[in-house]
DNA sequence: TAGATTGTTAATCGATTAACAATC
DNA sequence: TAGATTGTTAATCGATTAACAATC
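Protein chains in written order, with UniProt numbering: chain A, 1 to 212; chain B, 1 to 212.
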């Protein structure tokens with residue numbers, strides 16, 4: 001299979017979300033044209049995107065909602081279980097641990113880690129908060145696949161490096177830094193402050209154009 | 001000023017972050033070439049991006065770090081105060097309220113809102129949690145500019161519509177839905193589950209290529 | 001069979017990179 | 001002045017849209 005472009009991959013979860021909604025509305029089939037109207041994109045883009053992965057549709061019919069939903073789910077790796085732990089059990093770490101939908105989608109959060117004694121022992125929907133000193137043994141013994149980093153950037157960087165040595169190959173990074181880890185390690189960043197700045201950029205832009 | 005492309009805008013916060021680090025290292029000037037090495041982008045892209053907004057550099061010298069930092073800050077609207085409230089005072093809402101750096105960057109979080117009586121009255125760094133029934137009067141009386149939506153999608157959609165009627169023009173949306181609000185309303189989305197799916201896409205992709 | 005709609009090729013558009021003249 | 005490095009134009013690359021033949 002050819003390398004799929006980043007732009008296409010980043011649209012897959014949105015297709016998945018819309019197909020889930022269609023499913024819940026008991027809609028059986030949908031054409032690229034109809035879907036394009038719902039999603040506010042071009043029908044051409046939908047067909048091009050899906051055809052990167054082979055033909056999911058049928059001429060004259062469109063796409064079967066349930067089938068396409070499942071196929072995209074497989075592409076997104078949602079047909080297998082992913083073991084994840086959370087490092088940093090503050091509000092953000094707890095928010096992720098307690099978000100039920102992750103579990104429904106095959107994510108198995110089994111523990112949180114923190115150095116703060118007041119948090120250690122606390123119960124969440126994603127398991128107990130453990131002392132961070134047990135982190136490295138834990139990930140090795142439990143075949144953890146993904147580590148979510150919800151802590152400040154300096155410890156995040158150090159801990160990530162040690163986790164790479166323990167064999168971790170995928171990070172969901174909320175720390176405000178680009179983790180400096182080697183190229184074959186997967187890092188998906190969520191930079192909340194950068195998102196907020198994009199919002200205020202657009203506010204300023206709008207204000208400037210009004211005062212022109 | 002011509003319309004700046006989305007791709008350029010989305011890179012500005014990252015420039016801003018790197019310039020802040022340079023500043024803290026007391027580095028006075030930097031060339032596009034040096035910065036490109038640090039940031040892992042091309043020097044050409046940096047110069048092109050910055051020139052969308054006018055000449056911030058000087059031939060033979062490069063860019064003055066402090067000056068460029070401030071100018072990008074202005075572009076991002078960080079030179080003015082932004083009043084924000086948070087709707088949904090669960091872990092995620094509290095995480096945002098308690099994140100100190102927002103305040104340093106000119107964001108003024110003055111209250112959270114929730115319908116849950118157990119949360120109402122609770123104190124955070126972003127003010128008290130108030131009963132959601134006071135939300136609409138509050139935003140009107142306090143000239144709130146941005147509303148962060150950290151609650152499930154159904155109430156998020158309804159509340160957003162009512163807030164638009166109250167004059168709110170910018171949403172920072174964490175609900176798993178594309179807010180259906182009119183075109184001149186600014187919506188910046190943070191879809192955590194979509195981010196996590198992009199991560200697992202890359203994990204599957206990698207596993208598939210190993211088993212080929 | 002006729003109509004609908006995909007899969008896919010071709011055309012367009014936009015973003016990134018390269019090159020270099022301008023200038024500090 | 002000579003060297004360095006920007007600002008900016010031109011070339012390349014990639015992504016999106018349009019068009020249409022294939023086919024259900």
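Ideal placement from N, C-alpha and C gives every residue a C-beta, glycine not left out.
Chain A within 9 Å of residue i, Cβ atoms only
i: residue 163 of chain B; result: no
i: residue 74 of chain B; result: yes
i: residue 29 of chain B; result: no
i: residue 49 of chain B; result: no
i: residue 99 of chain B; result: yes
i: residue 1 of chain B; result: Confidence is the limiting factor: at residue 1 of chain B the pLDDT is only 49, short of 50, which leaves the residue's position unreliable, though a coordinate-based value still follows. Closer than 9 Å: yes.
i: residue 70 of chain B; result: no
i: residue 175 of chain B; result: no
i: residue 91 of chain B; result: yes
i: residue 140 of chain B; result: no
i: residue 78 of chain B; result: yes
i: residue 168 of chain B; result: no
i: residue 102 of chain B; result: yes
is_contact[residue i, chain B] using C-beta, thresh 9 Å
i: residue 87 of chain A; result: no
i: residue 156 of chain A; result: no
i: residue 42 of chain A; result: no
i: residue 160 of chain A; result: no
i: residue 178 of chain A; result: yes
i: residue 34 of chain A; result: no
i: residue 24 of chain A; result: no
i: residue 94 of chain A; result: yes
i: residue 190 of chain A; result: yes
i: residue 146 of chain A; result: yes
i: residue 186 of chain A; result: yes
i: residue 131 of chain A; result: no
Spatial neighbours of residue i in its chain, beta-carbon cut-off 8 Å, leaving aside the 5 residues before and after
i: residue 62 of chain A; result: 29, 30, 31, 32 and 34
i: residue 113 of chain A; result: 85, 86, 87, 88, 89, 129, 130, 131, 132, 134, 135 and 138
i: residue 92 of chain B; result: 150 and 174
i: residue 239 of chain B; result: For residue 239 of chain B there is no data in the structure shown, the boundaries of chain B being 1 and 212.
i: residue 164 of chain A; result: 181, 182 and 185
i: residue 157 of chain B; result: 175, 177, 179 and 180
i: residue 42 of chain A; result: 36
i: residue 27 of chain A; result: 65
Element boundaries [alpha helix (DSSP H), containing residue i]
i: residue 102 of chain B; result: 100-104
i: residue 16 of chain A; result: 6-24
i: residue 73 of chain A; result: 65-75
i: residue 118 of chain A; result: Neither: residue 118 of chain A is in no alpha helix (DSSP H) and is coded neither H nor E.
i: residue 139 of chain A; result: 135-141
i: residue 35 of chain B; result: 32-39
i: residue 159 of chain B; result: 153-165
i: residue 203 of chain B; result: 192-210
Contact set for residue i: own chain, Cβ-Cβ below 7 Å, skip 5 residues either direction
i: residue 162 of chain A; result: 136
i: residue 49 of chain A; result: 8 and 11
i: residue 15 of chain B; result: 72
i: residue 187 of chain A; result: 171, 173, 179 and 181
i: residue 120 of chain B; result: 114, 129, 130 and 131
i: residue 53 of chain B; result: 75
Given residue i as reference, the closest of the options once Cα atoms are compared
i: residue 195 of chain B; options: A/190, A/206 and A/197; result: A/190
i: residue 108 of chain B; options: B/49, B/120 and B/126; result: B/126
i: residue 203 of chain B; options: A/176, A/157, A/207 and A/145; result: A/145
i: residue 24 of chain B; options: B/66, B/78, B/142 and B/60; result: B/66
i: residue 80 of chain B; options: B/95, B/104 and B/96; result: B/104
i: residue 19 of chain A; options: B/199, B/177, B/52 and B/181; result: B/177
i: residue 148 of chain B; options: B/168, B/118, B/140 and B/142; result: B/168
i: residue 21 of chain B; options: A/44, A/154 and A/207; result: A/154
i: residue 199 of chain A; options: B/83, B/68 and B/60; result: B/83
Where the beta strand (DSSP E) through residue i begins and ends
i: residue 87 of chain A; result: 82-87
i: residue 219 of chain B; result: Since the first and last residues shown for chain B are 1 and 212, residue 219 of chain B lies out of range.
i: residue 52 of chain B; result: Premise fails: residue 52 of chain B is in no beta strand (DSSP E) and is neither H nor E.
i: residue 148 of chain B; result: 146-149
i: residue 185 of chain A; result: It is not in any beta strand (DSSP E) - residue 185 of chain A carries neither H nor E in the DSSP assignment.
6 Å Cβ shell around residue i - same chain, five flanking residues per side excluded
i: residue 39 of chain A; result: 18
Closer than 8 Å: residue i CB and nearest the ligand COA heavy atom
i: residue 118 of chain A; result: In the structure on display, the ligand COA does not appear, and there are no ligands present to speak of.
Taking a Cβ distance cut-off of 9 Å, strictly less, list which residues of the stretch 106-120 of chain A are near chain B, in chain order.
-> Against chain B - using a Cβ distance shorter than 9 Å - the residues of the stretch 106-120 of chain A are 106 and 107.
Going along the stretch 194-212 of chain A in order, which residues come within less than 9 Å of chain B, judged by CB to CB distance?
-> 194, 195, 196, 197, 198, 199, 200, 201, 202, 203, 204, 205, 206, 207, 208, 209 and 212
Give the residues from the stretch 5-22 of chain A that approach chain B closer than 8 Å (Cβ to any Cβ), ordered along the chain.
-> Taking a C-beta cut-off of 8 Å against chain B, the contacting residues of the stretch 5-22 of chain A are 9, 10, 12, 13, 14, 16 and 17, listed in chain order.
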